[in-house]
Amino acid sequence: MRSLSAEALLLDAINLHERDRIVSFLTARWGKKRGVARGARAKYSRFAGQLQPLAKVAVTWFEKEGRDLVRISDVELVRPASGLQSDLEGILLGSYLAEHMMEFAQENEDSEKPFRLLDSTLEALLEGCDRNLAARYFEIWVLRLNGIFPVPHECPLCGSPIADSAAFIESEAAVVCRQCGGGASRQRIGGPELDFLRRSARENLEQLSERPPAVGTLERIEGLCASVRRGFLQSELKSYRVMKRTLADV
Ligand SMILES: [Zn+2]
10 MRSLSAEALL
20 LDAINLHERD
30 RIVSFLTARW
40 GKKRGVARGA
50 RAKYSRFAGQ
60 LQPLAKVAVT
70 WFEKEGRDLV
80 RISDVELVRP
90 ASGLQSDLEG
100 ILLGSYLAEH
110 MMEFAQENED
120 SEKPFRLLDS
130 TLEALLEGCD
140 RNLAARYFEI
150 WVLRLNGIFP
160 VPHECPLCGS
170 PIADSAAFIE
180 SEAAVVCRQC
190 GGGASRQRIG
200 GPELDFLRRS
210 ARENLEQLSE
220 RPPAVGTLER
230 IEGLCASVRR
240 GFLQSELKSY
250 RVMKRTLADV
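Just so you know, our numbering puts 58 at position 49 of the sequence shown, and the rest follows in order with no gaps.
In structure tokens form, the structure reads like this:
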């Protein structure tokens, strides 16, 4: 048994029995972890108020080799995410970001980049960054860090440069030149979308916010990312379906 400590982002907490909770969290060095917080449901628990979704925390846990579930001994709040949890839209977006990491982040593996991505996206959101912009940036980068949906510089089929117009082949999740994507069933990708996909590779959210793309561009980016993600996961994220349905109702 060894004891470890790290900064972490809380992804999920589900109730276990009458008193405990199972908490999923993301660390930079050890990736995604799942642990039992004993007594976390009790009224005067030492975890009371600490296990807020998407909060940044300092967590200490014990783990045994060969066991998936660790035992959480201490959690201290570093940065609450209450600003994102105070309205319905923010709560839905928060669980959407968290579910990405539940699906895409690896357990017990160096996860410096995913950790920094989620951390910086949350930081920007808490500072008032446009939610639509932040969500699109985050989606693109989760796919990119997993080696899918690369920055569209050249056509993966013929190697010719992609300038201001391209086509999307859904079955391959590939952005190709218009020549290669000539079929009528192909989805066209226009200049503003290509521009945003490229800018997101070199600019951070603050820089993107200074010259934000049009709402229509972000909408098309959302559709593209959803399609690539569905192809990769073979299903849609539950939180995405819930978010779309709920926001359509209100
Ligand atoms: Zn081509």
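Where is the CB? At the ideal position from N, CA and C, for every residue including glycine.
Presumed contact (8 Å Cβ cut-off) between I23 and V45, rounded CB distance:
Rounded, the Cβ-Cβ distance is 11 Å, inconsistent with contact.
Any non-hydrogen atom of ligand 1 within 6 Å of Q216 CB:
False, no ligand heavy atom lies under 6 Å from that Cβ.
Kindly list the residues whose CB is nearer than 7 Å to the CB of L227, restricted to its own chain and excluding five residues on each side of it in sequence; keep chain order.
Sequence-distant Cβ neighbours of L227 in its own chain, meaning closer than 7 Å and more than five residues away, are N141, L142 and R145.
Within a Cβ cutoff of 8 Å, which residues of the same chain sit near L25, ignoring the five residues on either side of it in sequence?
Within the same chain, and ignoring the five residues on either side of L25 in sequence, the residues whose Cβ sits closer than 8 Å to its Cβ are I31 and V45.
Among Y249, L19, G190 and Q188, the one whose alpha carbon lies nearest that of L127
Restricting attention to Y249, L19, G190 and Q188, the CA atom closest to the CA of L127 is found in L19.
Alpha carbon to alpha carbon, what distance is there between E85 and P201?
Cα-Cα distance, rounded: 43 Å.
Exposed or buried, Y53, counting other C-beta atoms within 10 Å across all chains shown (16 or more means buried)?
Counting Cβ neighbours within 10 Å, Y53 comes out exposed, since fewer than 16 surround it.
Q196: CB within 6 Å of a non-hydrogen atom of ligand 1:
Flag unset: Cβ of Q196 not near ligand 1.
Closer than 6 Å to a non-hydrogen atom of ligand 1 - does that hold for the CB of S54?
No, Cβ of S54 sits at least 6 Å from all heavy atoms of ligand 1.
Per-residue burial, T255 [other beta carbons within 10 Å of its own, 16 or more giving buried]
Burial check for T255: the Cβ neighbour count within 10 Å stays below 16, so the residue is exposed.
For K247, count neighbouring C-beta atoms within 10 Å of its own C-beta (all shown protein chains included) and say buried if the count is 16 or more, exposed if not.
Exposed, by the Cβ-count rule.
Which residues in the same chain as Q94 place their Cβ atom closer than 6 Å to its Cβ, once the five residues preceding and following it in sequence are excluded?
Taken in chain order, the residues that qualify are I100.
Going by other Cβ atoms of all chains shown within 10 Å of its Cβ, with 16 needed for buried, is L242 buried or exposed?
Only exposed fits L242, as fewer than 16 other CB atoms lie within 10 angstroms of its CB.
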